[in-house]
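Take a look at the structure set out below.
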Amino acid sequence: MRLDELEGGKAVLGRMLQAYGFSMQKELGDRFGLSSGTISTWVRRNYFPGDVVVVCALDTGVSLRWLATGQGAMHDNQLAQRVDVEKTSELAKLRLRGGALEEEGGWAVDASLLDTSLAKPAYIVKGHHSWIIDLGSVNIGNGRWLLDIDGDVDVYDVARIPGNRLKITGLATTFDCGVDEVTALGQVFITLDRNL
Numbered sequence: 091m092r093l094d095e096l097e098g099g100k101a102v103l104g105r106m107l108q109a110y111g112f113s114m115q116k117e118l119g120d121r122f123g124l125s126s127g128t129i130s131t132w133v134r135r136n137y138f139p140g141d142v143v144v145v146c147a148l149d150t151g152v153s154l155r156w157l158a159t160g161q162g163a164m165h166d167n168q169l170a171q172r173v174d175v176e177k178t179s180e181l182a183k184l185r186l187r188g189g190a191l192e193e194e195g196g197w198a199v200d201a202s203l204l205d206t207s208l209a210k211p212a213y214i215v216k217g218h219h220s221w222i223i224d225l226g227s228v229n230i231g232n233g234r235w236l237l238d239i240d241g242d243v244d245v246y247d248v249a250r251i252p253g254n255r256l257k258i259t260g261l262a263t264t265f266d267c268g269v270d271e272v273t274a275l276g277q278v279f280i281t282l283d284r285n286l
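So my numbering is basically just the index in the sequence shown, starting at one, shifted up by 90.
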């Protein structure tokens, strides 16, 4: 492959949107924490965002050659043949947006990351953060939980305190409440945070 084969700007942006299943540039910006101005600059200057392209290929499993150049198949069949299906599990993928969960299809994960004790594992994404959450675990205790608080869903750190109360800690707030004032939707099993 030669460097002049790399397609930047609108072409690579379109393929990244297709790989993630997004229909708007804003969704891609939200996924990577990028402003719409940054993405517009890629298009105007025909820029090739190599770091984002590599992360997209790793996230979605699409062919890096296809993503970077538009050549070949979106999904590399040789790679797919090398993946041992018995060693992967398909989890429901949900996006946490505006305090609500939205279905986004499936997410393949190495089965060795999961535990047999998980009743209903799901992959949940919010911005730079993602979690594997057991949606079958709803008896709230100490730990990190997916909670519904007055109809608004988010992930919080929870500590049980005397008097059948909870100490809830989120990104922007900490408060105490009664156990019956929140609804546990699932317990976090693994936290995945992007650092780029």
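All C-beta atoms, glycine included, are put in the ideal place defined by N, C-alpha and C.
In this text the structure is predicted, and so the values were computed from the model without any measurement.
Figure out for me which residue from Trp132, Arg135, Asp149 has the closest Cα to the Cα of Gln108. Asp149
Quick check on the burial criterion: 16 or more other C-beta atoms within 10 angstroms. Buried or exposed for Asp240? exposed
Report buried or exposed for Leu203, applying the criterion of at least 16 other Cβ atoms within 10 angstroms of its Cβ. exposed
At what residues does the alpha helix (DSSP H) containing Phe122 begin and finish? 115-122
Just how far apart, CA to CA, sit Asp247 and Ala101? 41 Å
Hey, could you find the ends of the beta strand (DSSP E) Gln277 is sitting in? 273-283
Could you tell me the alpha carbon to alpha carbon distance between Gly140 and Glu271, rounded to whole angstroms? 46 Å
Reference Gly98, options Val133, Asp283, Gly119, closest by Cα: Val133
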